[in-house]
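J.:
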Amino acid sequence: MLTIVVLSLLVLFHEFGHFLIAKLFGIHVLEFGIGLPPKGLKLFKHKETEYTLNWLPIGGFVRLAGEETDPTLWERINPLTHNHMFFAKPAWQRSLVIVAGVGMNFLVGILMFSVVYAKLGVPKMSGEQVMVSAVTKNSPAELANIEVGEVVVRVGETEIKTSDQFVNLVKDKKGQMISLYLAKVDSNGRKSDSLRVVEVIPRENPPEGEGALGVGVSTVPIIAYIQKVWYQAPFYGAIEGTKEALVWSREFLRIFSHPVELMKNISGPVAVVKVGQQAAMEGWVTMLRFAGIISLNLAIFNLLPIPALDGGRLLMIGLEKIVGRKRVVKAERYVNAVGMFLLIALLIGVTIKDLFYA
Numbered sequence: 056m057l058t059i060v061v062l063s064l065l066v067l068f069h070e071f072g073h074f075l076i077a078k079l080f081g082i083h084v085l086e087f088g089i090g091l092p093p094k095g096l097k098l099f100k101h102k103e104t105e106y107t108l109n110w111l112p113i114g115g116f117v118r119l120a121g122e123e124t125d126p127t128l129w130e131r132i133n134p135l136t137h138n139h140m141f142f143a144k145p146a147w148q149r150s151l152v153i154v155a156g157v158g159m160n161f162l163v164g165i166l167m168f169s170v171v172y173a174k175l176g177v178p179k180m181s182g183e184q185v186m187v188s189a190v191t192k193n194s195p196a197e198l199a200n201i202e203v204g205e206v207v208v209r210v211g212e213t214e215i216k217t218s219d220q221f222v223n224l225v226k227d228k229k230g231q232m233i234s235l236y237l238a239k240v241d242s243n244g245r246k247s248d249s250l251r252v253v254e255v256i257p258r259e260n261p262p263e264g265e266g267a268l269g270v271g272v273s274t275v276p277i278i279a280y281i282q283k284v285w286y287q288a289p290f291y292g293a294i295e296g297t298k299e300a301l302v303w304s305r306e307f308l309r310i311f312s313h314p315v316e317l318m319k320n321i322s323g324p325v326a327v328v329k330v331g332q333q334a335a336m337e338g339w340v341t342m343l344r345f346a347g348i349i350s351l352n353l354a355i356f357n358l359l360p361i362p363a364l365d366g367g368r369l370l371m372i373g374l375e376k377i378v379g380r381k382r383v384v385k386a387e388r389y390v391n392a393v394g395m396f397l398l399i400a401l402l403i404g405v406t407i408k409d410l411f412y413a
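Just so we're aligned: the sequence shown equals residues 56 to 413 in our numbering.
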């Protein structure tokens with residue numbers, strides 16, 4: 056439930072970005088809706104804008120005057136209201152209205168990370184640690200309840216610093232009981248101070264490709280958080296939040312540019328809700344970081360030049376100079392309908408993937 060509320064608020068922030076810039080340029084906003092139609096309740100009306108509560112409690116929308124007006128009617132609009140129509144504004148103003156939602160999601164994401172890092176401290180790599188990245192079925196590791204994401208701190212009295220060191224040590228102990236000292240790591244990269252001990256015997260003749268314990272390991276950075284004095288914390292938090300935004304932007308675009316990897320990694324609402332539930336269990340800081348990640352991904356996704364998304368609408372404005380504005384506007388309705396159909400099909404596909412193939 057909390058995850059759905061967070062997602063809805065992020066979409067509302069996105070729409071509020073459109074709303075603010077439209078108002079700034081004198082475009083009449085006919086409706087600011089909380090939730091999606093059908094309309095449930097008219098909350099109030101201020102100037103030309105009606106504020107409504109709708110039956111589908113997911114996100115929201117803004118309805119701009121002249122946004123969907125047929126080009127053949129543009130010249131027949133009352134001169135008193137003509138200048139307040141979306142279509143009457145120059146291309147640069149219409150572009151800024153469209154991109155404002157994306158900008159708001161970027162801003163909200165950075166602010167969320169600013170709060171997170173102001174609370175946790177500024178992250179700094181202070182070394183490396185060995186983390187369990189995979190556990191093979193029916194292996195000694197699985198039977199000993201070793202879990203993916205745990206860090207191998209020690210084997211017996213030997214401190215583990217690299218993956219190669221761990222692999223070689225296990226090879227030398229085949230057939231012998233060894234004690235693994237494991238620690239949990241939270242989603243912010245902080246290792247727990249409490250260790251659990253697992254007794255396990257590496258196999259002498261493991262199946263090919265599995266290894267003696269049946270685990271995959273990788274070397275990952277140790278993240279230390281350096282606390283700043285209260286008046287410096289928001290400033291450093293904003294810097295780290297901006298860095299996080301750039302990292303997630305690059306990663307999103309990298310995955311999206313590789314179709315095979317995209318289909319493996321893309322997640323739908325079901326998976327997002329599951330991750331959100333896990334984040335909520337770890338506390339408000341982790342939940343806020345999760346919300347920041349979602350906000351940045353919403354921004355980047357909306358910038359993609361896909362029909363019905365903000366990026367697609369920006370592309371259509373760019374085409375106006377080439378093929379003529381009225382032609383673009385007429386074609387845009389059909390293009391957006393196709394884009395919306397494809398987006399809905401994608402949503403259904405990833406939801407099925409989340410439910411049956413996760």
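Beta carbons: idealized from backbone N, C-alpha and C, even for Gly.
#1: Can you give the beta carbon distance from A363 to M336, rounded, assuming they're within the 8 angstroms contact cut?
#2: Would you kindly check if the distance between the Cβ of G271 and the Cβ of A199 is under 7 angstroms?
#3: Are three or more beta carbon pairs between the segment 77-88 and the segment 139-153 nearer than 8 angstroms?
#4: For the candidate residues P134, E86, S150, whose alpha-carbon lies nearest to that of F116?
#5: Helix, strand or coil: how does DSSP classify Q332 here?
#6: Just verifying my parser: in three-state terms, what is the DSSP assignment at G367?
#7: From what residue to what residue does the alpha helix (DSSP H) around I59 run?
#8: For the candidate residues I153, Q148, S181, A354, whose alpha-carbon lies nearest to that of R245?
#9: For the alpha helix (DSSP H) containing S150, name the first residue and the last one.
#10: May I ask which residues mark the beginning and end of the beta strand (DSSP E) holding L96?
#11: Going residue by residue through the segment 180-257, where are the continuous beta strand (DSSP E) segments of at least 3 residues, counting only ones entirely within it?
#12: Could you give the distance in angstroms between the alpha-carbon of V302 and the alpha-carbon of R309?
#13: With distance defined between alpha-carbon atoms, name the residue in P195, V207, A173 nearest to R344.
#14: What is the DSSP secondary structure of W129, counted as helix, strand or coil?
T.: The structure says:
#1: Taking the first residue of the sequence shown as 1, we reach residue 363 at position 308. Taking the first residue of the sequence shown as 1, we reach residue 336 at position 281. No, A363 and M336 are not in contact; Cβ-Cβ is about 35 angstroms, not under 8 angstroms.
#2: In the sequence shown, the residue the question calls residue 199 occupies position 144. In the sequence shown, the residue the question calls residue 271 occupies position 216. No, the Cβ-Cβ distance between A199 and G271 is not below 7 angstroms.
#3: yes
#4: For the purposes of this step, residue 116 is taken as the residue at position 61 of the sequence shown. Comparing C-alpha distances from F116 to each of P134, E86, S150 shows the shortest one belongs to E86.
#5: In the sequence shown, the residue the question calls residue 332 occupies position 277. DSSP places Q332 in helix when its eight states are reduced to three.
#6: In the sequence shown, the residue the question calls residue 367 occupies position 312. Looking at G367 - three-state DSSP - the assignment turns out to be helix.
#7: Along the sequence shown, read from residue 1 onward, the residue named residue 59 stands at position 4. 57-79 is the extent of the alpha helix (DSSP H) around I59.
#8: Start at 1 with the first residue of the sequence shown, and residue 245 comes out as number 190. It is S181 whose Cα lies nearest to the Cα of R245.
#9: Counting from 1 along the sequence shown, the entry for residue 150 is found at position 95. The continuous alpha helix (DSSP H) containing S150 extends over residues 146-175.
#10: Taking the sequence shown and counting its residues from 1, one reaches residue 96 at position 41. Taken as a continuous stretch (DSSP letters only), the beta strand (DSSP E) holding L96 covers 84-101.
#11: 206-210, 233-238, 251-255
#12: By one-based count along the sequence shown, residue 302 stands at place 247. By one-based count along the sequence shown, residue 309 stands at place 254. Their backbone Cα atoms lie some 11 angstroms apart in a straight line.
#13: The residue labelled residue 344 in the question sits at position 289 within the sequence shown. Among P195, V207, A173, the Cα nearest to that of R344 belongs to A173.
#14: If you number the sequence shown from 1, residue 129 lands on position 74. It is helical.
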